[in-house]
Amino acid sequence: MRYPRERGSRPAAILRDRHHLRSEVDDDFNIRNPEDIIQAQLEASRTLSVLLITIASISLVIGGIGIMNVMLVSVTERTREIGLRVAVGATEEAIQLQFLGEAVMLSLIGGAAGVLIGVVGSFVIGRGLGWEMVISPESIAIAVLFSVGVGVFFGYYPARKASLLNPIEALRYE
């Protein structure tokens, strides 16, 4: 049976009687409901999860923008090479696949470094604080898939730009 927590409740009246408190004196005790404590902990956990997801999303966008910039510079620096490949018969798809592959490799290297730093950091912090750390292979697989997804998403524009270069203009590019 659950009792309300307000001052006039039955448990509060019993405790006031046992503590010999007069009616004008404030309570010298607290009545807490364990369900309220659990709800507060769950709410704090949800807030922390949202915060971590937000930070991770911002990191992915920044990393993706970095990959896009590196790939755009690569397309600009290799314009003659792209023009030569197109002139000798490379298709738009082949050029696009080449640059998408490079973007995915960049994101995989960055993702692998992130996973390695995350795993090592988790174990170091866990040992330092005396916590048992369990890292699931599924979380690592999801991290790798996100890394590939970021590489494809942010590498598509530079790859498309490279595949649409005019071969004559590309060969004249200095």
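Here the sequence shown stands for residues 0 to 173, where the numbers follow numbering that gives the first Met the number 0. Virtual Cβ for every residue (Gly too), placed ideally from N, Cα, C.
Between L96 and E80, the alpha-carbon positions lie close to 15 Å from each other. In terms of Cβ geometry, I36 and P10 do not form a close pair [threshold 8 Å].
The C-beta of V74 has 16 or more other C-beta atoms within 10 Å across all chains shown, which makes the residue buried. Contiguous alpha helix (DSSP H) elements confined to the segment 45-91 occur at 78-86, taking only those with 4 or more residues.
Shown here, G150 sits in a helix according to DSSP, grouped into three states.
By the criterion of a C-beta distance shorter than 8 Å, D27 is surrounded in its chain by H18 and L20, once the five residues flanking it on both sides are discounted. Nearest Cα to I108 within the set I61, I13 and S146: S146. I66 and V149 do touch by the CB rule: their CB atoms are close to 7 Å apart, below 8 Å.
In the pairwise beta carbon analysis, the segment 78-94 is classified as not touching the segment 48-62: fewer than three pairs are separated by under 8 Å. The C-alpha of S58 is placed about 21 Å away from the C-alpha of S44.
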